[in-house]
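Under our numbering, think of the first position of the sequence shown as 31, with each following residue one higher.
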Amino acid sequence: MKSTAFITLPALALMALIMAPTSGAVNIAGNAGFETAGGGGATDADQWVEAGAQPSIRDSSNPFSGSFAQKLEAIGTSQAGPNSVVLQNSIADAGQPSLQELTSLSASFQWSSNYGPGGVGNASLRVLNGVGAIVGITNFALPDTSGVYQLVNSPSINVPAFGASPDDTYAAFLEISVAAGAFDGSSAVAYVDDVSIDGTLVPEPASLALMGLGGLAMVARRRRA
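Shown next, in the form of structure tokens:
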């Protein structure tokens, strides 16, 4: 007569892991509140790239939460209409794995701005493949909030299906900027804080291996029974 099969607590735990649904979208932004300084000193935000003719800076004068925000400031002259930019690539800058195929991507952040004559603010959320080519994009204007923080939400974009290289890896890319006109007296000043880039990542190899071991353990127990 065969012995009665039973399931131990460790096996139950493994079954729960295997049967659990795949993880959904999470905030994949690195240093989302700009609290950590980078290698360039106190005004350099770790995991972010400061760019533009008048680069943005990590700043403690007007955070939405915590102690820091990112300040963007563009002052126009008769010779140039400059911009000030902060951006992040989820793989190259934040060190995240690839986005999962056939999922959605969106972003949100706290935004405080004052635009003078000719001043504007814009953002761009993109999906980039393994060589940096754009395979998904949404551009959206940023409002003049008269110095009051407001939550800004991007439209959602789709992550394509995986294919042959370089379409076997996808990164999220968020760029936030202000720009001034090419005349004296033009300006745009803004603060960014509490960034959320909501995406679904490819599971880590260690998690996949653990799930596989759980399945093998269940098979072995059935055979012993």
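Beta carbons are placed, not taken as given, at the ideal position from N, Cα and C, and that holds for glycine.
From a predicted model like this one, the values you see are computed outputs, not experimental measurements.
DSSP lists Gly-229 as the bridge partner or partners of Val-56.
Beta-bridge analysis with DSSP links Trp-141 to Gln-180 and Val-222. Taking 9 Å as the cut-off, the beta carbon of Ala-75 is found no closer than this to the beta carbon of Asp-228. In its chain, beyond the 5 residues on either side, Ser-86, Ile-87, Asp-89 and Tyr-221 have a beta carbon closer than 7 Å to the beta carbon of Lys-101.
In this structure, Gly-151 and Ser-217 do not form a Cβ contact; the two beta carbons are roughly 12 Å apart against a cut-off of 8 Å. About 10 Å separates the Cβ atoms of Leu-231 and Val-189, ruling out a contact at the 8 Å cut-off. Residue range 99-105 is occupied by the beta strand (DSSP E) that includes Gln-100.
Taking the Cα of Thr-133 as reference, the smallest distance to any Cα among Ser-195, Ala-62 and Ile-187 is reached at Ile-187. Gly-96 is the residue among Gly-82, Gly-96, Ala-191 and Asp-198 whose C-alpha sits nearest the C-alpha of Asp-224. Per DSSP, the unbroken beta strand (DSSP E) holding Ser-207 starts and ends at 201-209. Phe-213 and Ser-195 have their C-alpha atoms some 46 Å from each other.
No residue range can be given for Glu-65, since it is assigned to no beta strand (DSSP E) and is classified by DSSP as neither H nor E.
For Phe-170 and Val-208, the gap between their C-alpha atoms comes out near 12 Å.
Annotation: Phe-94 is outside any beta strand (DSSP E) and is labelled neither H nor E by DSSP. In this structure, the beta-carbon distance from Phe-192 to Glu-234 does not fall below 9 Å. Around the CB of Pro-93, 16 or more other CB atoms lie within 10 Å, so the residue is classed as buried. Burial is judged here by how many other beta carbons sit within 10 angstroms of a residue's own beta carbon; Asn-183 has fewer than 16 and is exposed. Residue pairing by DSSP places Ser-120 in no beta bridge whatsoever. The beta-carbon separation of Ala-81 and Ala-210, rounded to 15 Å, does not stay under the 8 Å limit for a contact. For Leu-158, the enclosing beta strand (DSSP E) begins and ends at 150-158.
Per the coordinates, the alpha-carbon of Gly-215 lies some 18 Å from the alpha-carbon of Gly-177. Between Gln-126 and Ala-202, the CB-CB gap stays under 9 Å.
Residue burial annotation: Asp-123 is buried, with at least 16 other C-beta atoms found within 10 angstroms of its C-beta.
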